[in-house]
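Take 1 as the starting number for the sequence shown in our numbering and just add one per residue.
All C-beta atoms, glycine included, are put in the ideal place defined by N, C-alpha and C.
Being a predicted model, the structure only gives us computed values, none of them experimental.
Note sheet for the following structure.
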Amino acid sequence: MRTGEPLPSVGDVLAALATGLWHWDTASGLVTVDPEAARLLGLPARRTTLTEAETRARLHPVDWNEIVGVVPLAVDEGTLAEVRVRIVDEQGRVVRVVRSRSKPSFDPERRSYELIGTLQQVTEPVPGTAAARNAVTGDWRRSREAFLLDAGRALAEARSTQEVLRMAASLSMPGFTPDGLAVYGVEGDRLTLIGHHGHQPGQDTPFSDMPLTTDYPAAEVVRTGRAVYLTTPREYQNRYPVAWPLTRDRGRRSWAFLPLTAAGRTMGVWVAAFTYPVAFTPDERAVLTTVARMLAQALTRASAAETERELAEGLQRSMLPSLGPEIPGIQVAARYIPTGGGLQVGGDWYDMIPLPSGRFAMVIGDVQGHDVRAAGLMGQLRIALRAYASEGHRPDAVLSRASRFLHGVVYGSGDEQPADLRFATCVYVEADPATGMLEIARAGHPDPAIRMADGTVLMRPTAGGLPLGVDPAADYPTTRFALEPGETMMLCTDGLIETGGHDMESGWRRLRRILEAHHGDVETLADALVQGVHGPTSHYTTGRLADRREDDIALVLLYRPAEGRGPAWPKVRRTLMSVAQDEPERIAEARQHLRELLHDWASAEQVDSAVLLVSEMVTNVLVHTDTDALLVAEVAGDGDGDGRRLRVEVTDVGDDLPHKRRPGELASSGRGLMLIELLADTWGVSPRGKGKSIWFQLYEAGGPAGPPEGPDSA
């Protein structure tokens, strides 16, 4: 074309550029296309008028839905509507990809849209080439979908507001990644900056807190509920001349201000700023809008979770006591760890109660369940136990009254079988700091464990009754023993034992290893126990019940320091237990208890002998007297495997002294003292002021051949 000649017609130019023209009126439901647009749609190359159904049949279903969604957005923003469309044949196979650009308008009287636009084929690169991996010219649609999936997953995993902001700052959008982000929240009639990323220190100060009437894009978004896109600095300056002087020196070229909407309410604004020009095409706006919706949902979830955590922590602080002032002669450490998920406080608790006698009581328990009702019952039961203890009742009376109290609360509605039946397990320990004497009453709770001065650890069997609240007339017998200098008693809920998929047996073995290997004070021991079952390395020791729901952990440690004991003080491990006339099954516990006491004894044959003699001595008391048996076992020595001595003594209040007999071959009794004389190194019978005791001693293999000097050898 030479200078001065008339310009070609628009139709000729479009035909030369392989660009088709189309017109769509939603009121009539008709789409008119020129020959080139008809060819791109897979129709004969002539001017054609199609219905919406006929047009939709030529397009991929997903792309038709995208067109329908982009048109109203373009009208609202006053911009072009641009989409990429896949053309399909009669079998639904994609034959080509075209780009559609149109200028939509809306007729409010007819409530319809009218669009006039162009259609142009897009050359798709061969899969696997560098261009195919480019998010804009190649697999842009696939990259966008993958990005939105990753963004949704990342934001869904965030558990706090700060985590949500960090996730939002790390999002890399396909083809247009902002280098500056800010999130505003609405508080009353003010807009407050919650967090930001990519800004220099102090840059956010002018916009950190402002009224909603401020001439600032974010404030307008809150007022109108509509996004604001600013593609150039000039557009920013023209629309917001007051805010522009505070923004122009930050090096940004384009801005997007999007509403954060949850439950129909604009809760804040997300600001994305770019150092390069961004046109904010409909596709780009769709991505930003989707991310803003996900961001609003994530912030709502995080805010609710933070509120719940704050409420739970406040409830926990109000229900779990501090241990108060130090107790002379006893060191106490306690821990509470919520591990069961959901509400961060449940039915586990501990308490320390000063008593009118000058002693103190330690209580640890677990109300069934891990919900608000369990937490409420726990608070009520803790107060009741503290009230009964403060009245001066003994441990058995305290638990009996607490059981009646809980039974009355659970059955308070008058129903014989309430729908929400609850009970509680509990251990109540009354301790005398001066002597270390402990009186223990137990209600369906795990037995305490004792760590002796030389590191030996064993479970301490104690008498017990039903869990609290099951039977209002239940009795709770008391077990009495002394916490020796250098010993530590551990009380815990079953969460400490069973966390990590363990049962009571395997969980106890895990705790025992931690207790035996520990060298430090009682506070570090408490931390080691919690870390061993709930710390970063605890998953290496998971049990076979890994699918079991985790329970909360409550832990109390009582340590009696060995003050005034020099290095030459002999290391003694001592234990005692009582066996009542109506508890013959506890003879098996006594045998197991002695085996645990002798866990490192050099001679297995001597251990078997000691266990046999203990069984014989306790059985004789139950058979030949009408009294209970008290078993005391003590291991003394230097602890290096040479020269240690085991002394076992069984005491009763019967008057008849045992004597050796020569039973016949078929006799069913009379061999007890003969076994003791045969298997023990030394033994004897000692009369008491009331009753008697029979004792024996064994010396570890390689130790002295005879009894040490002292009154017990007489």
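Whether or not the stretch 553-563 and the stretch 485-493 are in contact is what I'm after, with contact meaning three or more pairs of Cβ atoms, one per stretch, closer than 8 Å; do they touch?
yes
On a CA-only basis, which of A680, V522, P467, R451 is nearest R404? Give me that one, please.
When each option's Cα is compared against that of R404, the closest is P467.
Have a look at T651 and L622 and give me their C-alpha separation to the nearest angstrom.
11 Å
Just the C-alpha distance for E187 and R166, rounded to the nearest angstrom, thanks.
Cα-Cα distance, rounded: 22 Å.
How many Å lie between E163 and Y184 at the Cα?
Each residue's alpha carbon lies about 15 Å from the other.
Does the Cβ of S578 have 16 or more other Cβ atoms within 10 Å, making it buried, or fewer, making it exposed?
S578 is buried by the Cβ-count criterion.
Inter-stretch contact (C-beta, 8 Å, three-pair minimum) for the stretch 493-508 and the stretch 477-484
no
Assign I383 to buried or exposed, taking buried as 16 or more other Cβ atoms, counted over all protein chains shown, within 10 Å of its Cβ.
exposed
DSSP-derived helix/strand/coil call for Q368
Note: Q368 maps to coil in three-state DSSP.
Since G347 contacts A374 with CB under 8 Å, what's their CB separation in whole angstroms?
Correct: roughly 4 Å between the Cβ atoms.
Grouping DSSP H, G and I as helix and E and B as strand, with all else coil, what is G520?
coil
DSSP beta-bridge partners for L115?
W24, P104
Just the C-alpha distance for A701 and M362, rounded to the nearest angstrom, thanks.
41 Å
Tell me whether Q697 is buried or exposed, calling it buried when 16 or more other Cβ atoms sit within 10 Å of its Cβ.
buried
Buried versus exposed call for L666 [16 or more other C-beta atoms within 10 Å across all chains shown]
Confidence in L666 is poor, its pLDDT being 46 and thus under 50, which makes the residue's placement unreliable; the coordinate value appears in the next sentence. It counts as exposed.
Quick one: residues in its chain with C-beta nearer than 8 Å to the C-beta of I514, no 5 flanking neighbours on either side, listed in chain order?
A528, L529, G532
Cβ-based neighbour list, R223, same chain, cut-off 7 Å, excluding 5 preceding and 5 following:
L212
Starting from the Cα of V242, find the closest Cα among Y216, V88, E52, E505 and give me that residue.
Y216
Output the distance between the C-alpha atoms of M437 and P461, rounded to the nearest integer angstrom.
Roughly 16 Å separates the two Cα atoms.
How far does the beta strand (DSSP E) with D655 in it reach, from first residue to last?
Run containing D655: none; DSSP gives neither H nor E here.
Considering only their Cβ atoms, is the gap separating E66 from T281 smaller than 7 Å?
no
So the candidates are G195, G268, E310; which of them puts its Cα closest to the Cα of A292?
G268
So T232 and P178 are supposed to be a Cβ contact under 8 Å. How far apart are they, rounded?
Contact doesn't hold; Cβ gap of about 16 Å is too wide.
Hey, D371 and T425: beta-carbon distance below 7 Å or not?
no
Taking only the alpha-carbon atoms, compute the straight-line gap between T524 and R285 and give it to the nearest angstrom.
As the crow flies, the alpha-carbon of T524 is around 56 Å from that of R285.
For H407, the three-state DSSP class (helix, strand or coil)
helix
P433 beta carbon less than 7 Å from that of P328
In this structure, P433 lies closer than 7 Å to P328 by Cβ.
Element boundaries [beta strand (DSSP E), containing L718]
Any answer about residue 718 is impossible in this case: the structure gives the chain only from 1 up to 714.
Does the ligand HEM have even one heavy atom less than 6 Å from the beta-carbon of R110?
What this structure holds is no ligand at all, so the ligand HEM is not there to describe.
Where A304 falls, given that 16 or more other Cβ within 10 Å makes a residue buried:
Label assigned to A304: exposed.
Between the alpha carbons of A334 and V522, how many angstroms are there, rounded?
Taking the straight line joining both Cα atoms gives about 9 Å.
For G396, which residues of its own chain have a beta-carbon under 6 Å away from its beta-carbon, when the five flanking residues on both sides are left out?
Note on residue identity: the sequence assigns Asp, not Gly, to residue 396. Cβ neighbours of D396 beyond the five flanking positions: A441, Y476, T478.
Here's a check: name, in chain order, each residue in its chain whose Cβ is nearer than 6 Å to the Cβ of G20, leaving out the five neighbours to either side.
D34, E36, A37, L40, L119
Could you pull the DSSP bridge partners for S686 from this structure?
S693
Minimum C-alpha distance to H445 - residue among F147, V410, D494, L483:
D494
Alpha carbon to alpha carbon, how far is G641 from Y411?
Since pLDDT at G641 reaches only 47, below the 50 mark, its modelled position is unreliable, and the value read off the structure follows with that caveat. Using only the alpha carbons, I get a separation of about 58 Å.
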